[in-house]
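One structure is given here, and the rest of the page talks about it.
Numbering (our numbering), first residue to last: 175 to 512.
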């Protein structure tokens with residue numbers, strides 16, 4: 175069998191594995207608040223998230239196209255028809271991203287699958303062809319989106335929680351909590367749907383990149399089998415659940431009540447879906463964590479456990495450079511064998 179075809183098949187397998195891992199790694203964030211407030215039992219929340227993730231994943235393709243062509247031009251990765259450089263770059267990026275996701279999942283750290291994937295693609299591509307291979311216009315747009323989205327989520331979370339405090343200040347606390355627990359079923363579903371519209375598309379973009387680099391595709395369209403297989407992989411991953419991440423996001427940042435959870439869900443879902451509509455990949459992990467911090471700040475600044483928040487922010491900062499270095503090392507290793 176042709177070497178490029180073998181590597182492309184490996185890329186598809188590992189891309190689906192990345193989506194599966196993303197399902198139990200990142201989707202845990204989407205349902206963390208509803209589980210921690212007991213709006214939904216964990217099993218029901220995970221099942222709801224799996225279904226909504228699948229629906230979100232098959233609905234949009236803009237983010238997939240951005241991943242496929244805005245970081246590195248896949249058409250420029252190979253110099254000849256039998257050159258395996260492009261497919262090795264993509265395989266190295268996937269192996270790096272999967273490794274980082276598993277490490278952070280094991281330690282219960284809500285890191286970003288988006289940051290690790292984008293950093294890994296850049297690192298592997300630079301190792302293969304130098305810094306000139308990067309599409310700086312598209313790469314800059316993606317970086318700006320990744321940086322700004324958590325701050326927007328924090329601000330929107332603060333605003334929505336402030337509005338809730340004014341509107342519901344004279345209502346019975348018990349009735350308010352009961353009402354918001356019911357409302358959180360909707361917000362959890364919305365959160366999981368928006369997660370699917372953005373995060374599942376990253377693996378779709380990776381597979382599309384590999385097909386282009388292998389000469390099996392001549393444009394950046396996302397094929398139907400790619401969309402469906404990635405959506406299924408993320409849905410299955412979600413069904414496994416990510417309870418370590420739920421514990422960190424749902425309880426360690428701040429004590430979450432139903433009104434807080436609903437405010438955080440609405441805030442983060444609006445930011446994630448807005449990014450999807452303008453074809454920007456964002457970190458759902460960072461957006462959701464920041465929305466919770468914004469909600470907590472609106473309620474009581476001291477109620478936010480800033481030590482945990484600092485740990486999360488530190489992970490945000492180190493994920494992309496570490497992933498880039500890991501991907502570069504993996505590229506050089508793979509290059510020896512292929």
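Virtual Cβ for every residue (Gly too), placed ideally from N, Cα, C.
What does the alpha-carbon distance come out to for the pair residue i and residue j?
i, j, result
"residue 408", "residue 359", "20 Å"
"residue 186", "residue 275", "18 Å"
"residue 502", "residue 464", "30 Å"
"residue 232", "residue 344", "43 Å"
"residue 180", "residue 387", "13 Å"
"residue 317", "residue 293", "10 Å"
"residue 329", "residue 442", "10 Å"
"residue 245", "residue 307", "9 Å"
"residue 182", "residue 248", "13 Å"
"residue 434", "residue 273", "33 Å"
"residue 485", "residue 283", "8 Å"
"residue 321", "residue 314", "10 Å"
"residue 319", "residue 267", "21 Å"
"residue 380", "residue 237", "11 Å"
"residue 224", "residue 506", "36 Å"
"residue 399", "residue 392", "16 Å"
"residue 206", "residue 227", "15 Å"
"residue 240", "residue 349", "45 Å"
"residue 495", "residue 351", "42 Å"
"residue 259", "residue 251", "7 Å"
"residue 510", "residue 474", "55 Å"
"residue 396", "residue 214", "35 Å"
"residue 402", "residue 512", "30 Å"
"residue 356", "residue 362", "10 Å"
"residue 235", "residue 338", "34 Å"
"residue 310", "residue 300", "12 Å"
According to DSSP, what are the bridge partners of residue i?
i, result
"residue 308", "246"
For the putative contact between residue i and residue j, defined by C-beta atoms under 8 Å, what is the C-beta separation to the nearest angstrom?
i, j, result
"residue 460", "residue 286", "6 Å"
"residue 456", "residue 270", "The pair is not a contact, with the Cβ atoms about 20 Å apart (cut-off 8 Å)."
"residue 383", "residue 242", "5 Å"
"residue 437", "residue 469", "5 Å"
"residue 458", "residue 332", "Actually they are not in contact, since the Cβ atoms of residue 458 and residue 332 sit about 19 Å apart, beyond 8 Å."
"residue 489", "residue 278", "7 Å"
Quick one: using the 10 Å Cβ neighbour count with 16 as the cut-off for buried, is residue i buried or exposed?
i, result
"residue 217", "exposed"
"residue 340", "exposed"
"residue 422", "Bear in mind that the predicted position of residue 422 carries a pLDDT of just 49, short of 50, making it too unreliable to give a figure here."
"residue 431", "buried"
"residue 428", "For residue 428, the predicted model reports a pLDDT of 48, less than 50, meaning its position is unreliable; a value from the coordinates is still stated below. When all chains shown are included, residue 428 counts as buried."
"residue 445", "buried"
"residue 451", "exposed"
"residue 354", "buried"
"residue 188", "buried"
"residue 290", "buried"
Shortest alpha-carbon distance to residue i belongs to which of the options?
i, options, result
"residue 261", "196, 310, 372 and 295", "295"
"residue 366", "177, 414, 487 and 221", "221"
"residue 192", "511, 505 and 410", "410"
"residue 414", "190, 510, 197 and 326", "197"
"residue 298", "224, 498 and 375", "498"
"residue 373", "301, 205, 447 and 263", "447"
"residue 230", "290, 370 and 510", "370"
"residue 263", "454, 234, 304 and 280", "304"
"residue 327", "215, 363, 281 and 440", "440"
"residue 131", "491, 453, 300 and 302", "This structure leaves residue 131 out entirely; the chain is present only between 175 and 512."
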